[in-house]
Amino acid sequence: MTKDKNDQQDTDKLNSDTPEQTPELTPEPTPAAAESKPSASETDNTPADETVDAAESAQQKPAKEKAAKDAQVKESSAKPKTTEPKTAEPKTARKGPHPLAWINLILMLGLLALGAFAGWLVWQQQQSTSAELAVLKDRLLQAQQQAGNLAAAEGDLLSETQSLKNLTTTLKQQVEHNTDRLGKLPGAERQDWLLAEAEYLLRMANQRLLLEKDVEGSLSMLQAADNVLVETRNPQLNPVRKTITEEIQSLRASPAVDVTGAVLRLQTLQEALPQLPWLPDRLLPDGDKAETVAAAPQPLDQPWYLTLWHTVKESLSTLVRFRERSEPIAAPLSPDQQYYLQQNMHLMLEQAQVALLRKQDDLYKHSLSRVAGWLDEYLLIDDQRTVAAKLALQELQGWQVNPPLPDITGSLMQLQKLVENQRRGSVLPRQPAPANEAADGGNQ
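Using my numbering, read the sequence shown as starting at -12 and increasing by one per residue.
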């Protein structure tokens, strides 16, 4: 019996060595495996049969051992069939890679991308550094070239400065030499030089007065010519000097125009244009205020209906009035029209300034008259600002932009006639040189 128990334990051990199949992965047993595999009920009832049939089991021991061996052989032959699905099961469960493998792959790709980006940044920095170095090299070369050019230009400038200094010294010496020679010339030759200088000054005075209307410049030129004629010490030139004196007096007596003051006043009017009182957008009664008419006293003893009639009549008369005007009333200006009118007035004042500087009297007065007409037509006449602007315009219109200038050609014509006669030898004899000048001339 003990032996039978040991055989049964060996059989159970063999059954326990086979791995259990999970319900999800265990395939359905084939008919051959079902026939060869003993059921659980038969296995559970084996010890009970052994206790009852102890005697029979002793006798049938060799047959049971053989049956057990046959069962082991069948189980061993059937085991590969039952384990085939087990070998295939891990393959079906591990079709895709493990999640850790995906994470590792993503990390590796991220590291590769990060390394590539870092390498690209380094390459870009190297490229920019190389470009900056090239630019710096070019700038350094340009600076060196400029330094060389500056050094060459400095050398040229120094040489030119030295040459100019030498030329100045030479010219100074030549001027001193010519001055000495002029001082040593006899009286006749020196007098010719002085007469030529006086003629030149008189010609310049006439040009200043006729072309540029420069009275002050002409005065200075005439005075200089008179001083030159004084140096000649020739009494035959006294008529010319007398004529020059008369011309100087006539220039001083001519009316002077304060051009600077007139221009400043015109500019002041230009700046005051935006502040002038323009006509409003609607027509107002005379004096910008409605006239108040005193109501006539009504008798106390008149009937009530007459009193009512007079009251209504006076009320209606204040609402509607009829007036007769000799001139048409200018329509009020819109903001755009007012702006354009201000610009036109500004341009007219600018034109008056130009005409004043050019001595164009007609254009000057025409421009100011246009501005005055616009002030009368589109501004409030009773306002003090309008009155002040009109007074300033009237005063500027009274100025003489181009006053009549005297004729100063008489002195020039007399001097030219005397010089021509001197060349012919008929008039203006040569004056004897002083004793010291004659002695110097004899030594030469």
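Beta carbons are placed, not taken as given, at the ideal position from N, Cα and C, and that holds for glycine.
| Item | Value |
| --- | --- |
| Below 8 Å, how does it come out for the stretch 225 to 239 and the stretch 203 to 215: are there three or more Cβ pairs, yes or no? | yes |
| Does the beta-carbon of Gln113 have 16 or more other beta-carbons within 10 angstroms, so that it is buried, or is it exposed? | exposed |
| Determine whether the Cβ of Thr232 lies closer than 9 Å to any Cβ atom of chain B. | No chain B appears in the structure shown, which is made up of a single protein chain. |
| When you compare only the Cα positions, how much space is there between Thr157 and Glu163? | 10 Å |
| Leaving out five residues on either side along the sequence, give the residues of the same chain with a beta carbon under 8 Å from the beta carbon of Leu320. | Trp265, Leu266, Leu328 and Tyr365 |
| Here's a check: name, in chain order, each residue in its chain whose Cβ is nearer than 7 Å to the Cβ of Thr255, leaving out the five neighbours to either side. | none |
| Put Leu266 into one of helix, strand or coil per three-state DSSP. | coil |
| Let's test the definition: count the other Cβ atoms within 10 Å of the Cβ of Gln149 and tell me whether it reaches 16, buried, or not, exposed. | exposed |
| When the Cα of Leu402 is compared with those of Leu336, Thr219, Asn331 and Ala243, which residue comes out closest? | Thr219 |
| Exposed or buried, Trp386, counting other C-beta atoms within 10 Å across all chains shown (16 or more means buried)? | buried |
| Could you tell me the boundaries of the alpha helix (DSSP H) in which Arg345 lies? | Here Arg345 belongs to no alpha helix (DSSP H), and DSSP marks it neither H nor E. |
| According to DSSP, simplified to helix, strand and coil, what is Leu206? | helix |
| If the criterion is Cβ atoms closer than 9 Å, does the pair Gln384 and Leu355 meet it? | yes |
| For His333, I'd like the list of residues in its chain whose CB is within less than 8 Å of its CB, leaving aside the five on either flank, ordered along the chain. | Gln257 and Leu260 |
| Exposed or buried, which one is Ile90 when buried takes at least 16 other CB atoms within 10 Å? | exposed |
| Taking all protein chains shown into account, do 16 or more other C-beta atoms lie within 10 angstroms of the C-beta of Arg195, making it buried, or fewer, making it exposed? | buried |
| According to DSSP, is Leu367 part of a helix, a strand, or is it coil? | coil |
| In whole angstroms, what is the alpha-carbon distance linking Gln178 and Pro226? | 17 Å |
| For Gln325, collect the residues of the same chain with a Cβ closer than 7 Å to its Cβ; drop the 5 residues on either side in sequence, then sort them by chain order. | Trp265 |
| Going straight from the alpha carbon of Thr373 to that of Val246, what length do you get? | 24 Å |
| Using only CA atoms, which one of Ile235, Ala183, Leu224 and Arg252 lies nearest to Gly204? | Ile235 |
| When you compare only the Cα positions, how much space is there between Lys200 and Val406? | 28 Å |
| On a CA-only basis, which of Lys377, Leu123 and Gly106 is nearest Trp361? Give me that one, please. | Lys377 |
| Can you give me the Cβ contacts of Gly397 inside the same chain, cut-off strictly under 6 Å, excluding the 5 residues immediately before and after it? | Thr230 |
| Report buried or exposed for Gln340, applying the criterion of at least 16 other Cβ atoms within 10 angstroms of its Cβ. | buried |
| My assumption, with CB atoms under 8 Å, is that Ala185 sits in contact with Leu216. Please give the rounded CB distance. | 5 Å |
| Any idea if Tyr351 is buried or exposed, counting beta-carbon neighbours within 10 angstroms, 16 or more meaning buried? | buried |
| Please state whether the Cβ-Cβ distance between Leu392 and Leu189 is less than 9 Å. | no |
| List the endpoints of the continuous alpha helix (DSSP H) containing Glu407. | Thr396 to Arg411 |
| Helix, strand or coil for Arg220 per DSSP? | coil |
| Relative to the C-alpha of Asp262, which residue among Thr294, Leu108 and Asp370 is closest? | Residue 262 is actually Gln in this sequence, not Asp. The residue with the shortest Cα to Cα distance from Gln262 is Asp370. |
| By Cβ distance below 6 Å, which residues in the same chain neighbour Asn389 in space, the five residues on each side in sequence not counted? | Lys346 and Asp348 |
| Distance check for Met335 and Gly248, CA to CA, integer angstroms please. | 18 Å |
| What do you get for Ala375, buried or exposed, if any count of 16 or more other CB atoms within 10 angstroms of its CB means buried? | exposed |
| Ile395 to Leu181, Cα distance in whole Å? | 20 Å |
| Considering only the alpha carbon of each residue, which of Gln338, Leu123 and Ala183 lies closest to Leu253? | Gln338 |
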